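Under this note's numbering, the first residue of the sequence shown is numbered 255, with each subsequent residue one higher. We put the CB at the ideal spot given by N, CA and C, even for glycine. Predicted model, so just to flag it, every value in this text is computed and none were measured. A short worksheet on the structure shown next.
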Amino acid sequence: MKSQMKKSDMSDVVEYISHSALDIRRRERTGIIEAIYAEYKSAEKLSDIVQSLLKRRAPVFITRIDEEKARYLISKYRGLVYNREARICYLPEKKKRSGLVSVVSAGTADGVYVEEAFQTLTYLGNNARKIVDVGVAGIHRLAPYIKVLRRSSAVIVIAGMEGALPSLIGGLVSVPVIAVPSPIGYGVSSGGYAALLGMLSSCSPNVSVVNIGNTFGAACIASLINHRRGR
255 MKSQMKKSDM
265 SDVVEYISHS
275 ALDIRRRERT
285 GIIEAIYAEY
295 KSAEKLSDIV
305 QSLLKRRAPV
315 FITRIDEEKA
325 RYLISKYRGL
335 VYNREARICY
345 LPEKKKRSGL
355 VSVVSAGTAD
365 GVYVEEAFQT
375 LTYLGNNARK
385 IVDVGVAGIH
395 RLAPYIKVLR
405 RSSAVIVIAG
415 MEGALPSLIG
425 GLVSVPVIAV
435 PSPIGYGVSS
445 GGYAALLGML
455 SSCSPNVSVV
465 NIGNTFGAAC
475 IASLINHRRG
485 R
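Here it is in structure tokens:
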């Protein structure tokens, strides 16, 4: 006989509202919070979600949210904080941070992705270090940071253009390198596909690659590595 699970049976792990099913126990199960992706969601739907999360005392962490939607939420729910550069709106949590994850960018134009990774890492309880504008066109700029990179549990490397920086860093450290192609670049580099293909073709065996611009995903992976290493 097939068993059928009702919504009421899932009330401890899922919060059902009219347009969403919120995985409120995701952090306990996977070590990663249920983040809310704000693009393509109206401010009203985001408000419904925040209200439900607060009711269940679940984390509130909203990614890719514009300033107008963030201001709307902040006007309704006390304590929410908005980071404009990271495009993240969240309810701060007091937690001890551990380990170290480095976030490296090839260029200043990658700043929005650096900040998203950094804010996600710190929210998830990691010490994080930003190392910016050290792309391969000026390779000497990376030299002062090599010791820091080697102390890290994982390194997130964000690059557009030809996407060469992750391979370089992969050859300098004995930790996982998570490569994030950014959509920054001219001509065929625009959109991040050239960087993505270059990173997927890396000859450094400790380099793995996430999707174009997916710094939230990269930060979640790095967080799991960092916390596992600290056990």
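If we count the other Cβ atoms within 10 Å of its Cβ and call it buried at 16 or more, is residue i buried or exposed?
i    : result
C457 : exposed
Y294 : exposed
N465 : exposed
M259 : Its pLDDT being 48, under 50, M259 is placed unreliably by the model, and the measurement read from it follows with that caveat. Exposed, because fewer than 16 other Cβ atoms sit within 10 Å of the Cβ of M259.
L307 : buried
Y367 : buried
Y270 : exposed
T284 : exposed
V442 : exposed
D364 : buried
Leaving out five residues on either side along the sequence, give the residues of the same chain with a beta carbon under 6 Å from the beta carbon of residue i.
i    : result
I286 : C474
A312 : I278
S329 : none
R281 : I287
How about residue i and residue j: are their beta carbons less than 8 Å apart?
i    : j    : result
A289 : K323 : no
A449 : S436 : yes
V409 : V358 : yes
A340 : I316 : no
R395 : V402 : no
A433 : S462 : yes
Just to check my reading of the structure: residue i and residue j have Cβ atoms closer than 8 Å, yes? What is that Cβ distance to the nearest angstrom?
i    : j    : result
A360 : I393 : 11 Å between Cβ atoms; not a contact.
Whose CA, out of the options, lies closest to the CA of residue i?
i    : options                   : result
S421 : G452, R395 and D387       : G452
R351 : P398, Y331, R338 and F372 : F372
A476 : G441, A391, S444 and G379 : G379
Y326 : E369, L354 and D302       : D302
R483 : P459, Q305, R405 and V335 : R405
H481 : G425, T376 and G365       : T376
V429 : L345, I400, I438 and R279 : I400
T374 : V314, A363, V267 and V431 : V314
L300 : R281, E282, H273 and R280 : H273
Tell me which residues share the same chain as residue i and place their Cβ nearer than 7 Å to its Cβ, disregarding the 5 neighbours each side in the sequence.
i    : result
I479 : S407, A408 and P430
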